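Numbering (the numbering used here), first residue to last: 61 to 410.
Positions of the beta carbon are idealized from the N, C-alpha and C atoms, including for glycine.
Quick caveat, the model's predicted, so the values are computed rather than measured.
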Amino acid sequence: MRADTAGAGTLILCAALAAAIAGCGREAQTVNRQHLAFGTLVELSIYTDDTDRAERAAERLRARLDDWHNRWHPWEGDGLAAVNRRLATGQPAAVEPELADMLRRAQALHAETDGHFDPALGGLVRLWGFHHDESPPSQPPAEPDIERWLAERPEMTDLHISEGRVTASGDRLQLDLGGFAKGYALDRAIAMLREDDIGNAIVNAGGDLRVIGRHGERAWRVGIRDPRGNGVFAAVEATDGDAVFTSGDYERFFHWQGRRYHHILDPRTGRPARGLRSVTVITDNAARADAAATALFVAGRQWPRLAREMDLTRVMAVTDDGDVELTGTMSERVQFIGEPPPRVETLTWQ
Ligand code: AMP
Ligand code: MG
């Protein structure tokens with residue numbers, strides 16, 4: 061009798077254990093999905109024990125990435141590209157609310173970065189030939205053309221956004237949101253994943269990324285590309301909500317007469333910005349991190365001053381000598397990889 065009871069009890073216990081193992085034992089794993097958008101590979105990693113939920117979230121995000129890419133491309137399609145075509149005729153252009161919001165953000169970031177992030181230089185990007193997603197140009201534009209662009213330089217402050225339409229003074233203003241569209245998209249992507257109850261994820265668009273939560277016991281860790289090699293030269297830790305964005309002279313460039321010409325242009329000179337090979341920014345908003353990385357790159361060796369003005373505490377730059385300069389708060393998050401380690405200067409102003 062006692063033995064029977066014990067036997068039944070053991071069975072029930074076993075059944076309960078089996079149910080528990082089946083329920084919580086869907087062990088956490090990383091679900092990885094990749095998709096081409098914004099001219100780069102967008103990789104979504106979700107750390108979860110509910111793979112169905114992760115699959116659904118990934119699918120929803122994939123459709124939106126395509127949509128954003130089409131709507132925010134400056135030269136193709138009927139979103140921002142249509143606005144640019146219309147502005148080129150000197151006429152007001154209709155804008156949908158989301159694009160109007162982006163343009164307002166772009167204007168605010170232009171002001172906040174003291175003009176170093178300047179989406180009004182679409183015409184200059186075209187002049188240099190960096191507007192093609194695939195092939196870089198082979199030589200710089202003619203000097204007089206650059207001088208003419210500078211003389212008639214369109215300004216972001218010339219853009220007026222109101223009630224579903226934008227106007228610009230004259231017909232010179234062409235908008236290029238390439239310096240922060242990816243960041244804006246990643247903020248939207250993270251918001252969508254949170255809506256879908258995803259608690260641990262990373263969305264990485266060609267090395268620019270934002271994270272939610274952690275990867276199990278540890279924080280997400282991401283590699284920072286060596287601007288003069290194929291690998292990474294540093295790893296940084298990203299905690300919940302962090303955006304990590306890098307701007308560099310290696311992304312789109314050509315060599316001509318022994319010099320490198322790249323796609324991040326200084327609106328003051330009309331030419332590729334000088335002084336740095338890359339800048340990495342960590343902050344809690346991807347649109348701002350993206351614009352800030354572009355702006356600090358344009359600031360060149362003066363980047364610490366602009367970073368301080370913008371209240372950015374986590375910044376790392378690789379100078380054109382190959383040295384690393386970084387803020388004290390950034391140094392707590394960075395580990396250098398490879399031999400020999402770079403020469404590192406930690407700035408003490410924070
Ligand atoms: P990013 O990789 O975020 O630094 O963005 C570079 C892209 O932004 C370029 O390919 C251009 O389309 C655009 N761009 C270039 N120079 C600037 C600038 N000074 N301000 C804003 N956008 C820029
Ligand atoms: Mg940027």
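Residue interval of the alpha helix (DSSP H) (run including residue i)
i: TRP316; result: Here TRP316 belongs to no alpha helix (DSSP H); instead the beta strand (DSSP E) covers 313-316.
i: PHE357; result: 346-359
i: THR373; result: First-last for THR373: undefined, no H or E at that position.
i: ARG116; result: 111-132
i: SER391; result: 388-391
i: TYR244; result: 241-255
i: PRO214; result: First-last for PRO214: undefined, no H or E at that position.
i: ASN290; result: ASN290 -> no alpha helix (DSSP H), and no H or E assigned at all.
i: ALA141; result: 140-147
Residue i Cβ short of 7 Å to ligand 2 heavy atom set
i: GLY239; result: yes
i: ASP39; result: The structure shown does not extend to residue 39, since the chain is modelled only from 61 to 410, so the question has no answer here.
i: THR173; result: no
i: ALA353; result: yes
i: LEU190; result: Here residue 190 turns out to be Phe, not Leu, going by the sequence shown. Because no heavy atom of ligand 2 lies under 7 Å away, the Cβ of PHE190 does not count as near it: no.
i: SER338; result: no
i: SER198; result: no
i: PHE98; result: no
Buried or exposed by the 16-neighbour rule on C-beta atoms within 10 Å, applied to residue i
i: ASN290; result: exposed
i: TRP316; result: exposed
i: ILE81; result: Since pLDDT at ILE81 reaches only 40, below the 50 mark, its modelled position is unreliable, and the value read off the structure follows with that caveat. Exposed, since its Cβ has fewer than 16 Cβ neighbours within 10 Å.
i: ASN92; result: exposed
i: ASP138; result: exposed
i: SER229; result: exposed
i: LEU101; result: exposed
i: ALA377; result: buried
i: HIS170; result: buried
i: GLU399; result: exposed
i: PRO214; result: buried
i: GLU87; result: exposed
i: MET390; result: buried
i: ALA68; result: Annotation note: pLDDT 38 at ALA68 (below 50); position unreliable, no value reported.
DSSP bridge partner residues for residue i (one or two, in chain order)
i: PRO157; result: Paired residues: none, contrary to the question.
i: SER222; result: ARG225
i: ALA261; result: ILE106 and ILE272
i: GLY330; result: Its beta-bridge partners do not exist; DSSP assigns none.
i: THR90; result: TYR107
i: TRP280; result: ALA298
i: ILE342; result: VAL304 and ARG374
i: VAL384; result: VAL378 and VAL404
i: HIS192; result: According to DSSP, which records beta bridges pairwise, HIS192 is partnered with nothing at all.
i: GLN234; result: LEU181
i: ALA97; result: THR100
i: LEU336; result: THR379
i: LEU325; result: PRO332
Proximity test, residue i beta-carbon vs ligand 1 heavy atom, cut-off 7 Å
i: LEU325; result: yes
i: HIS315; result: no
i: VAL375; result: no
i: ARG186; result: no
i: PRO179; result: yes
i: HIS176; result: yes
i: ARG312; result: yes
CB of residue i within 8 Å of CB of residue j, strictly
i: ASN345; j: ASP257; result: no
i: GLU405; j: ASP383; result: yes
i: LEU269; j: VAL304; result: yes
i: LEU58; j: ALA153; result: Past the boundaries of the shown model lies residue 58; the chain is included only from 61 to 410, so the question cannot be answered.
i: ARG374; j: TYR244; result: no
i: GLY308; j: PRO332; result: no
i: LEU104; j: ALA261; result: yes
Short CB-CB distance (under 8 Å) between residue i and chain D
i: GLY335; result: Among the chains in the structure shown there is no chain D, since it carries only a single protein chain.
Beta strand (DSSP E) segment containing residue i, residue limits
i: LEU407; result: 404-407
i: ARG319; result: 319-322
i: GLN428; result: Lying before the first or after the last residue shown, residue 428 is absent from the chain, which here runs from 61 to 410.
Contact test: residue i Cβ vs ligand 4 heavy atom, cutoff 7 Å
i: LEU104; result: By its list of ligands, the structure shown excludes ligand 4, since it contains just ligand 1 and ligand 2.
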